[in-house]
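Per the working numbering, the very first residue in the sequence shown carries number -5; after that it's consecutive. Backbone N, C-alpha and C define an ideal beta-carbon position, used for all residues, glycine too. What follows is one structure encoded as structure tokens, with my remarks underneath.
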Amino acid sequence: MADAPQIPDETEVRARWGDFEWTPANAIKAKAYVARYPDGRQQSAVMALLDLAQRQVGAETHTQGWLPVPVIEFVAAQLDMPFMRVYEVVTFYTMYNLAPVGRYHVQVCGTTPCMLRGSDDVLAACKNKGLIKGHTTPDGLFTLTEVECLGACANAPMVQINDDNYEDLDYDKTIAVLDTLAAGEQPKIGPQIDRQTSCPEGGPTTLKEMVAGNHDYRGAW
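The structure is reproduced here in structure tokens:
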């Protein structure tokens, strides 16, 4: 994407990540992921290992993590895959970061449902807090990226921040989420209005209200 964070110099990257190895705990996880598949089909674990590697990089850098080329090469070697086959996976899915990101990776959905319901206001709130698309804030806290559909169209507009979705946003609600994260606290995950998952606003209801009002499927509510 045009607004993607910039990849550092290759020499710098190889100096830092050229000797990447699993931590003892992640080595156990990686072995378990590969073991889920039959002999000769270990390449099926590529997405899980890439995610695990990105999280390890994130843990070491106190960020959301990314996948330096030497780390991608490490995963390819683990699965006996050509580097380019693994690189194709990394570049296809926006869940993998090809450049460093901040502690919180703010991914704003800009696809049609979110756009029609106010994603421009969400982006304006991000801009108000100093977030610029394709950049990380000077304090290393936030990276802002505009992405395509994240699969929560019923609750548009929404953003994904790290592993969590924040839905039914507007300008003020977006500001509140960012402020809460900046304060080191955890905002409410999911809908930011009075609803559960993608149910109608106001919470669960029953047919009792229809019975009390003497309504049935043939009449108008």
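- Straight across, the Cα-Cα distance linking A118 with R49 is about 29 Å.
- One thing to note: G96 has its Cβ within 9 Å of the Cβ of L135.
- The shortest C-alpha to C-alpha distance from A42 to any of H99, T174, V69 is the one to V69.
- When beta bridges are read from the DSSP output, D158 appears opposite I155.
- For V51, there is no enclosing beta strand (DSSP E); the residue is found in the alpha helix (DSSP H) stretching over 40 to 55.
- If you draw a 10 Å sphere on the C-beta of C193, you find fewer than 16 other C-beta atoms in it, and that means exposed.
- When rounded, the separation of the alpha-carbon atoms in L138 and V102 is 8 Å.
- Here the region 23 to 34 makes no contact with the region 123 to 134; the two share fewer than three CB pairs at distances below 8 Å.
- Taking all protein chains in view, the Cβ of K127 is crowded by 16 or more other Cβ atoms within 10 Å, so the residue is classified as buried.
- If you check the CB distance, Q37 and D74 come in under 9 Å.
- Cβ contact annotation for V171 (same chain, cutoff 7 Å, sequence separation greater than five): Y160, P181, in chain order.
- Restricting attention to T168, A29, A47, the CA atom closest to the CA of P64 is found in A47.
- The beta carbons of P107 and A71 sit no closer together than 9 Å.
- Taking the CA atoms as reference points, D114 sits about 18 Å from H99.
- By the neighbour-count definition (other C-beta atoms within 10 Å, threshold 16), Q154 is a buried residue.
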